[in-house]
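**Q**
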Amino acid sequence: MNTVEHRRPERTRTLRASRWLFGLAVAVVGGAIMLPGCGQREVQVSFSKDVMPILQASCHECHLPGGKGTTESGLLLDSYENLMKGTKFGPVVKPGNGLGSPFNQVLEGRVDKSIRMPHGGTQIFESKVKTLRAWVDQGAKNN
Numbered sequence: 001m002n003t004v005e006h007r008r009p010e011r012t013r014t015l016r017a018s019r020w021l022f023g024l025a026v027a028v029v030g031g032a033i034m035l036p037g038c039g040q041r042e043v044q045v046s047f048s049k050d051v052m053p054i055l056q057a058s059c060h061e062c063h064l065p066g067g068k069g070t071t072e073s074g075l076l077l078d079s080y081e082n083l084m085k086g087t088k089f090g091p092v093v094k095p096g097n098g099l100g101s102p103f104n105q106v107l108e109g110r111v112d113k114s115i116r117m118p119h120g121g122t123q124i125f126e127s128k129v130k131t132l133r134a135w136v137d138q139g140a141k142n143n
C-alpha cells in the first residue's frame, strides 16, 4: 500500500468530522439545538408599542366611548387603565395568566365562538394574538 492510499481514509474521517462540527455550530448558533444554560431570552412585550396598536387596529371600532362594545359590556379600550378596569362584569385581564384571562379567552376563541372578538370583522392575526397573550403572561405591565 502506498502512502497516498493510506492517507485517504484518514483525510476522509477528518473531513467528515469537520463537516459534522460545522453543522453542529450552525445548529447551535441558529437556535436549532438548545444547550443547557443557553436558553433564548423572552422578548418583553410593551403595552404602548405592541399592545395598544393592536387594540387600535382591531378593537377601537367598538370599544371606544359610545361604541357598541363599550355600551354592551362596559369595556373601554382607549387606555391601559380602562383595559385593566375591565367590563361591568369585572376585570378581563389577569396579569401573569393569559390562559385564565377572559381577555385572551375571547380573543383566542376559547369560549363560545359567538363572542369571539372582534365581532363581524377580520380576526386578529395569530401573531398578534400571541403578542397579546405574551403581554398578559409577562404581567400585563403598563410599559
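For the sequence shown, the UniProt record's numbering gives the first residue as 1, with consecutive numbering after it.
Yeah, the Cβ is synthetic: ideal placement off N, Cα and C, and Gly gets one too.
Note that this is a predicted model, so its numbers are computed, not measured.
#1: For T122, name the three-state secondary structure that DSSP assigns.
#2: Got a sec? Which residues, its chain only, sit under 6 Å from A134 by beta carbon, not counting five neighbours each side?
#3: Starting from T87, follow its DSSP beta bridges and name the residues at the other end.
#4: Say whether the stretch 81 to 96 touches the stretch 125 to 139, bearing in mind that this needs 3 or more beta-carbon pairs closer than 8 Å, one atom from each stretch.
#5: Do the stretch 117 to 128 and the stretch 45 to 58 touch if we need at least three Cβ pairs shorter than 8 Å?
#6: Go through its chain and collect everything with a Cβ distance to K141's Cβ below 7 Å, but skip five positions before and after it.
#7: Start and end of the alpha helix (DSSP H) containing I54?
#8: Which residue from S79, V106, I115, S73 puts its Cα closest to that of G90?
#9: Between I115 and V106, which are expected to be in contact by the criterion C-beta below 8 Å, what is the C-beta distance as a whole number of angstroms?
#10: Using a threshold of 9 Å, state whether the C-beta atoms of L132 and V43 are closer than that.
**A** Once the coordinates are examined:
#1: coil
#2: V45
#3: Paired residues: G90.
#4: yes
#5: Contact between the stretch 117 to 128 and the stretch 45 to 58 is present, because at least three Cβ pairs lie under 8 Å.
#6: In the same chain as K141, and ignoring 5 residues on each side of it, the C-beta atoms closer than 7 Å to its own belong to F47, in chain order.
#7: 52 to 58
#8: S73
#9: Correct: roughly 6 Å between the Cβ atoms.
#10: no
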